[in-house]
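Below is one structure, written out as structure tokens; the observations come after it.
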Amino acid sequence: MSDVNQLTRKDFVSDQAVRWCPGCGDYAILSQMQRVLPELGIPREKMVFISGIGCSSRFPYYMNTFGIHSIHGRAPTLATGLKLANPDLTVAVITGDGDGLSIGGNHLLHAMRRNIDIKIFLFNNRIYGLTKGQYSPTSLPGTKTKSSPLGSIETAFNPISVALSAEATFVARTVDVEVKHMGEVLRRAFEHKGVSFVEIFQNCIIFNDGTWDPVTNKDVKDDNRVMLEHGKPLIFGKHRDKGIRMSRCLQPEVVSLSDVNPDELLVHDEYSENMNLAFMLSRMAYPELPVPIGIFRQVEHPTYESTVLDQVHAAQQARGVGKLKDLYSAEDTWTVAAQGVNGHDDHRFTME
Amino acid sequence: MTERVKPVNVEEVESVVIRFAGDSGDGMQLTGTQFTNTAAIIGNDISTLPEYPAEIRAPVGTLAGVSGFQVHIASQEIFTSGDDPHVLIAMNPAALKASLGELKPGGAIIVDEDEFTAPNLRKADYTSNPLEDGSLAGYQVHKVRLTTLNRHAVEGIPGLSSKETDRSRNFFALGLTFWIYDRPLESTLEWIDDKFKKNPAVKEANRRALQAGYHYGDTSESFSTRYKVKPAALPAGDYRKVTGNEAVALGLVTAAALADKPLVYCTYPITPASDILHFLAPLRNFDVRTYQAEDEIAAMGATIGAAFGGAFAATGTSGPGLALKSEAINLAVVLELPMVIVDVQRGGPSTGLPTKPEQADLLQALFGRNGESPIPVLAMQSPADGYEAAIEAFRIAVRAMTPVMLLSDGYLANSAEPWAMPNPDRLPPIDVRHPMLADFQDGQPFLPYARDPQTMGRPWALPGAYGLEHRIGGLAKQPGTGNVSYSPDDNDRMIRDRAAKIAKLAEYIPLLEIFGKPTGDLLVLGWGSSYGAIHQAVDKAQQSGRSVSAVHLRHLNPFPRNLGEIMDQFDRILVPEMNLGQLAMLLKARYLKPVISMTKVRGRPFKISEISAKIDELLG
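See the structure below:
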């Protein structure tokens, strides 16, 4: 086993040349991942990165851990099987908005519903990059692309709402250019016991450059986003002079701090079992409301694979470790003696 | 058991084929199973063919709702569930109509006369009552007022509803059948006691119905002959009854145990494969980890993930599910990880005949993936054979580091036969090696795609092995390192190496054995579930002096290395298949042999008589 205290960023850099476009947001995510992992106290050989298909899915090749670059949309299925075989591993899934929410949407939902202890990082750039610029399930209506020259006519998925609806136990959002925040969210995602879903706003410099400008551009971002902090009121704005309050119709509304009593502001609670607050926050969107960034929800539920293993141990405690001979003869058996003479042997073994 | 009140002839017969038929709510599967269990326990050889509709409860009394269970019991070794039944037990007009066509001329029919009412006859599309219009003149018809007699038998049981009263009539029919074939009631009585211990009224009703049916045989003038089928001279050993699905499940559990590995079985419910999951799911104390995925693709993906993690990973499906899995199987092919895919073939294409067998997935199994994607393909030939086939599939998977396909079908899956249980302690272990960093000293690097010179398999290095971190994926690769490479030379090498690795298994798999003489006029060459029918037809032809032999393929890829030589020794080669000639096409392409293809896609297995007729036709 490696000495976990000695690990550094370099230990997680593989010998493969990184081949993303210059200026791609993926570089920053890769770099933060390689910075955070040595701090987790997990031996490198116990880490596995699994991806599907798309630009983001080249990620495992660049990580000096175990990894699988699998097929389009299916990474959560491989991650699930791997955790069933060996729950001791730390398994991360790297996916994108097309891979995770279009072709692999079903698997993403069910991995979250089951609360498999895997860490899902969805790089959302609202475009198909590797296939050269078609609209994706998170592209906003009206987005003009090669496959939607008149503008996309589809309603966009909100990945955070999807994750919450699928009962994910850790749901967060961060931004590729906010490296410090991203590092903290990555760390929290790995520390969570259960499924973690992290949407990372990621800029595709070639096919959808600037899609996140309202929340990343220095001049406007503070007015267009609100950073979620547990136990703190929702305050935002360049001058931190605005807040979020619930209206009498239970709608979030922006209020000026000079007009309201601070007690009226909405206070964030990451740990609430009831996900109403988290879901309401997930629906807040630019331009009507500031975009929430941070951890929407973190609750502890039993994980799928630990429950399976618990069943194995409980069954072995109750019935003993299974013996093949008993299994074979669990039905009525009979014996045919050497000369073909029949001996009746109506043993009945019952399986509990 | 009781005093005889009438003269009874006892006739000894070598074998008998009985079909129980009724509405899908009439409990015919249960009735047939109980009859089979008793026959097996008293030592007959047995083979069964359950047939039920794809609908769980089609409208009562209609032809669509008929559920049948055919059982063949014999005092010698048998290989099929019998061609045509000698006896039909029909619980209603629809059951009579659906099964009559296959009954042997002169065969016996036992019907519940009470059910032959005008509305029921209409539901079965009868324009006149077959019990009265003379249309059954060629058979021995026993009209029994089964419903009425049964109602009398269970009358007065406290707490028994009228619905429960009539639901017990299948036991009356079973009791009567036990009388005719001189079988003891004890095993079924014990089973009833156990099964219905929480419902004393139903337990009592079923007990009484069974005994009343038996006594009816004793007293009714309608039945004057009993038949005896002596125990069969099966090879010595301890036996139980297994279906094909049970045998496969037992084989998978055994293989994992032989390697000291957990079995991770990832699947999605699909007829007729689901019973493998049902059998494995309760076996947590064997460290069997079953996983019901969200779809077929997810089941395959999870199987690959589990294999990467070092478990013995397997999945089970049927044709439509296999189609969905094909992309992920291809990933498994290039990742070169060991796993077993069980395809319980059913009638296709598309949704096809979900509950009926076919062998038309052969080409899908071999070639149904993009690119050059060879995998070993095995086929089981009888229900009990599923056990050894599943173990062998895992041995091959681990040896060559490859997914392996095991073909079953809807007939094998649900049919049952006696299984001589091996002693698991005497089975050779499955040797699995996972490399450690210590294996790569002296500056020798760990190469994830370094090939074993013997097997051409690559190392199965597991996550968790310090210093052996590596990435694998679906993109083209450099030999050795497995790093992504688009080089023409690398691509060419990897594709040819994977193909050679599978072809090389021909050195490992056993040679084909010929049933009969090694040369002759005709070779009958089959695969999968047609084994029983072919074997018995060829056996019969040999006994009548014909120059005919048979071989049966367990391995469809690679073929056994003596297959070509064997075929060379026969004037003609007959290939019966439940498809439109898929193996025949492969043999023609591979061996340039003018084989004669015999095909059947009727959702029913081959009959012995069909093969026999073809042999007669060819040999004149």
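Sequence order for the protein chains is B and H.
Using this note's numbering, the first residue of the first sequence is number 1, and each one after it goes up by one.
Using this note's numbering, the first residue of the second sequence is number 353, and each one after it goes up by one.
Every residue, glycine too, gets a C-beta built ideally from N, C-alpha and C.
Checklist line | Proximal residues of chain B, C-beta to C-beta of H/Gly-826 below 7 angstroms | finding: Taking the first residue of the second sequence as position 1, residue 826 of chain H is located at position 474. Here the neighbours are His-69, Ser-70 and Ile-71.
Checklist line | Residues near H/Asn-361 in its chain [Cβ-Cβ closer than 8 angstroms; skip 5 each side] | finding: As a first step, residue 361 of chain H must be located in the second sequence, where it is residue number 9. The beta carbon of H/Asn-361 lies closer than 8 angstroms to those of Ser-576, Thr-577 and Arg-578 in the same chain, with the five residues before and after it left out.
Next item on the list: From the DSSP output, in three-state form, read off B/Trp-212 for me.
Entry: Here the question's residue 212 of chain B lines up with position 212 in the first sequence. Here B/Trp-212 carries a coil assignment [DSSP, helix/strand/coil].
Notebook entry, point to check: Which residues, in order along the segment 383 to 394 of chain H, keep a beta-carbon less than 9 angstroms from a beta-carbon of chain B?
Noted result: Result list: Asn-389, Ala-392, Ile-393 and Ile-394.
Item checked: Top-ranked residue by Cα proximity to B/Pro-22, from B/Ile-206, B/Gln-316, B/Gln-317 and B/Val-336 -> Mapped onto the first sequence, residue 22 of chain B falls at position 22. Here the closest residue by C-alpha is B/Ile-206.
Checklist line | Residues within the segment 626 to 645 of chain H neighbouring chain B, beta-carbon criterion of under 9 angstroms | finding: Residues of the segment 626 to 645 of chain H whose Cβ lies closer than 9 angstroms to any Cβ of chain B, in chain order: Pro-634, Leu-635, Arg-636, Asn-637, Phe-638, Asp-639, Val-640, Arg-641, Thr-642, Tyr-643 and Ala-645.
Check: How would you list, in chain order, the residues of chain H whose beta-carbon sits under 7 angstroms from the beta-carbon of B/Lys-119?
Finding: On the first sequence, position 119 is the one that residue 119 of chain B refers to. The premise fails here: B/Lys-119 is roughly 15 angstroms from chain H at the closest Cβ pair, so nothing lies under 7 angstroms.
Notebook entry, point to check: chain H partners of B/Arg-297, CB-CB under 8 angstroms?
Noted result: The sequence position of residue 297 of chain B within the first sequence is 297, counting from 1. Chain H residues near B/Arg-297: none, gap ~22 angstroms exceeds 8 angstroms.
Notebook entry, point to check: When the cut-off is 9 angstroms and only beta carbons count, does B/Met-63 lie next to chain H?
Noted result: Here residue 63 of chain B refers to the residue found at position 63 of the first sequence. So, interface residue.
Checklist line | Contact check, H/Asp-761 vs H/Met-930, beta carbons under 9 angstroms | finding: Reading the second sequence from its first residue, position 409 is the one you call residue 761 of chain H. Reading the second sequence from its first residue, position 578 is the one you call residue 930 of chain H. Yes, they are a contact pair.
Checklist line | Contacts around B/Leu-277, its chain only, beta-carbon distance under 7 angstroms, and the 5 residues preceding and following it disregarded | finding: In the first sequence, the residue the question calls residue 277 of chain B occupies position 277. For B/Leu-277, where only same-chain residues beyond five positions count, the Cβ hits under 7 angstroms are Asp-269.
Next item on the list: Can you pull the chain C residues whose beta carbon is under 7 angstroms from the beta carbon of B/Gly-322, in chain order?
Entry: As a matter of chain content, chain C is missing from the structure shown, whose protein chains are B and H.
Next item on the list: Measure the C-alpha to C-alpha separation of H/Glu-363 and H/Lys-580 and round it to an integer number of angstroms.
Entry: Along the second sequence, one-based indexing puts residue 363 of chain H at 11. Along the second sequence, one-based indexing puts residue 580 of chain H at 228. So the two alpha carbons sit approximately 6 angstroms from each other.
Check: By how many angstroms is the C-alpha of H/Ile-854 removed from the C-alpha of H/Arg-519?
Finding: If you number the second sequence from 1, residue 519 of chain H lands on position 167. If you number the second sequence from 1, residue 854 of chain H lands on position 502. Looking at the two C-alpha atoms, the distance is approximately 54 angstroms.
Notebook entry, point to check: DSSP on B/Phe-197, reduced to helix/strand/coil?
Noted result: For the purposes of this step, residue 197 of chain B is taken as residue 197 along the first sequence, with counting starting at 1. In this structure, B/Phe-197 counts as strand in the three-state DSSP scheme.
Next item on the list: Ignore the nearest five residues each way along the sequence and tell me which others in H/Pro-405's own chain have a CB closer than 8 angstroms to its CB.
Entry: In the second sequence, counting from the first residue as 1, residue 405 of chain H sits at position 53. Sequence-distant partners of H/Pro-405 (beyond 5 residues in either direction) whose C-beta falls short of 8 angstroms from its own C-beta, in its chain, are Ser-376, Ala-416, Gly-417, Val-418, Ser-419 and Thr-707.
Check: Does the distance from the C-beta atom of H/Leu-632 to that of H/Tyr-620 stay below 9 angstroms?
Finding: Translated into positions along the second sequence, residue 632 of chain H becomes position 280. Translated into positions along the second sequence, residue 620 of chain H becomes position 268. Their beta carbons are not under 9 angstroms apart, which means H/Leu-632 does not touch H/Tyr-620 by this criterion.
Notebook entry, point to check: Hey, H/Ile-370 and H/Thr-529 are a contact pair by Cβ (cut 8 angstroms); roughly how many whole angstroms apart?
Noted result: Sequence index remark: in the second sequence, residue 370 of chain H carries index 18 (1-based). Sequence index remark: in the second sequence, residue 529 of chain H carries index 177 (1-based). Yes, H/Ile-370 and H/Thr-529 are in contact; Cβ-Cβ is about 7 angstroms, under 8 angstroms.
Next item on the list: Taking C-beta pairs closer than 7 angstroms, name the residues in chain B that H/Asp-590 reaches, listed in chain order.
Entry: As a position in the second sequence, residue 590 of chain H is number 238, starting the count at 1. Contact note: H/Asp-590 reaches chain B through Thr-333 and Thr-335, using a C-beta cutoff of 7 angstroms and chain order.
Notebook entry, point to check: Mind checking if H/Val-496 is an interface residue toward chain B, Cβ cutoff 9 angstroms exclusive?
Noted result: Counted from its first residue, the second sequence places residue 496 of chain H at position 144. Not closer than 9 angstroms to any Cβ of chain B, the Cβ of H/Val-496 fails to qualify, so no.
Item checked: Any C-beta of chain H under 9 angstroms from that of B/Ser-102 -> The residue you call residue 102 of chain B lines up with position 102 of the first sequence. Look at B/Ser-102: its C-beta is not under 9 angstroms from any C-beta on chain H.
Notebook entry, point to check: Among residues of its own chain, excluding the 5 on either side of H/Pro-805, which ones have a beta-carbon nearer than 6 angstroms to its beta-carbon?
Noted result: Counted from its first residue, the second sequence places residue 805 of chain H at position 453. Closer than 6 angstroms at the Cβ level, and outside the excluded window around H/Pro-805, lies no residue.
Note to self: Give me the residue from H/Pro-815, H/Glu-542, H/Gln-428 and H/Gln-888 with the minimum Cα distance to H/Pro-587.
What the structure shows: For the purposes of this step, residue 587 of chain H is taken as residue 235 along the second sequence, with counting starting at 1. Nearest option by C-alpha distance: H/Gln-428.
Next item on the list: Please say whether B/Pro-137 and B/Ser-306 have beta carbons closer to each other than 9 angstroms?
Entry: To locate residue 306 of chain B, count along the first sequence from 1; it is residue 306. To locate residue 137 of chain B, count along the first sequence from 1; it is residue 137. Their beta carbons are not under 9 angstroms apart, which means B/Ser-306 does not touch B/Pro-137 by this criterion.
Checklist line | Inter-residue spacing [alpha-carbon to alpha-carbon] between H/Ile-782 and H/Ala-666 | finding: Taking the first residue of the second sequence as 1, we reach residue 782 of chain H at position 430. Taking the first residue of the second sequence as 1, we reach residue 666 of chain H at position 314. The alpha-carbon of H/Ile-782 is positioned some 16 angstroms away from that of H/Ala-666.
Next item on the list: State the CB to CB distance for the pair B/Lys-119 and B/Phe-236, rounded to an integer number of angstroms; the pair is presumed to be in contact (CB under 8 angstroms).
Entry: As a first step, residue 119 of chain B is located in the first sequence; it is residue number 119 there, counting from the start. As a first step, residue 236 of chain B is located in the first sequence; it is residue number 236 there, counting from the start. The Cβ separation is near 28 angstroms, so there is no contact.
Notebook entry, point to check: Between H/Arg-636, H/Phe-431 and H/Val-493, which lies nearest to H/Ala-442 when the distance is taken from Cα to Cα?
Noted result: Looking up residue 442 of chain H in the second sequence gives position 90. In this structure, H/Val-493 is the residue among H/Arg-636, H/Phe-431 and H/Val-493 with its C-alpha nearest to the C-alpha of H/Ala-442.
Margin query: Tell me whether the segment 820 to 835 of chain H and the segment 704 to 724 of chain H touch, counting them as touching only if at least three CB pairs, one residue from each stretch, are closer than 8 angstroms.
Written below: No: fewer than three Cβ pairs fall under 8 angstroms.
Notebook entry, point to check: Going by the beta-carbon positions, is the gap between H/Ala-659 and H/Ala-684 smaller than 9 angstroms?
Noted result: Position 307 of the second sequence, counted from the first residue, corresponds to residue 659 of chain H. Position 332 of the second sequence, counted from the first residue, corresponds to residue 684 of chain H. Taking 9 angstroms as the Cβ cut-off, H/Ala-659 and H/Ala-684 qualify as a contacting pair.
Note to self: Could you check whether H/Gln-888 and H/Ile-430 sit closer than 9 angstroms to each other, using their CB atoms as the reference points?
What the structure shows: On the second sequence, residue 430 of chain H is found 78 positions in, with the first residue counted as 1. On the second sequence, residue 888 of chain H is found 536 positions in, with the first residue counted as 1. Taking a C-beta distance under 9 angstroms as the contact criterion, H/Ile-430 and H/Gln-888 qualify as a contact pair.
Margin query: Just to make sure I have the definition right: I need the residues of chain H whose C-beta is within less than 7 angstroms of the C-beta of B/Phe-66. Which are they?
Written below: Reading the first sequence from its first residue, position 66 is the one you call residue 66 of chain B. In chain order: Pro-815, Glu-821 and His-822.
Check: Beta-carbon separation of H/Asn-637 and B/Ala-315 under 9 angstroms?
Finding: One-based indexing of the second sequence puts residue 637 of chain H at position 285. One-based indexing of the first sequence puts residue 315 of chain B at position 315. A Cβ-Cβ contact shorter than 9 angstroms links H/Asn-637 with B/Ala-315.
Margin query: Please determine whether the Cβ atom of H/Phe-638 lies at a distance below 8 angstroms from any heavy atom of the ligand NAP.
Written below: With respect to the ligand NAP, the structure offers nothing, as it holds no ligand at all.
Next item on the list: Determine whether the Cβ of H/Met-773 lies closer than 9 angstroms to any Cβ atom of chain B.
Entry: Against the second sequence, residue 773 of chain H aligns to sequence position 421. It does: the Cβ of H/Met-773 has a partner Cβ on chain B nearer than 9 angstroms.
Check: Any idea what DSSP makes of H/Asn-444, helix, strand or coil?
Finding: Residue 444 of chain H sits at position 92 when you count from the first residue of the second sequence. Note: H/Asn-444 maps to coil in three-state DSSP.
Notebook entry, point to check: Taking the C-alpha atoms as reference points, what is the distance between H/Leu-970 and H/Gly-878?
Noted result: What you label residue 970 of chain H is simply residue 618 of the second sequence in a count that begins at 1. What you label residue 878 of chain H is simply residue 526 of the second sequence in a count that begins at 1. If I take the Cα positions, the gap works out to 16 angstroms.
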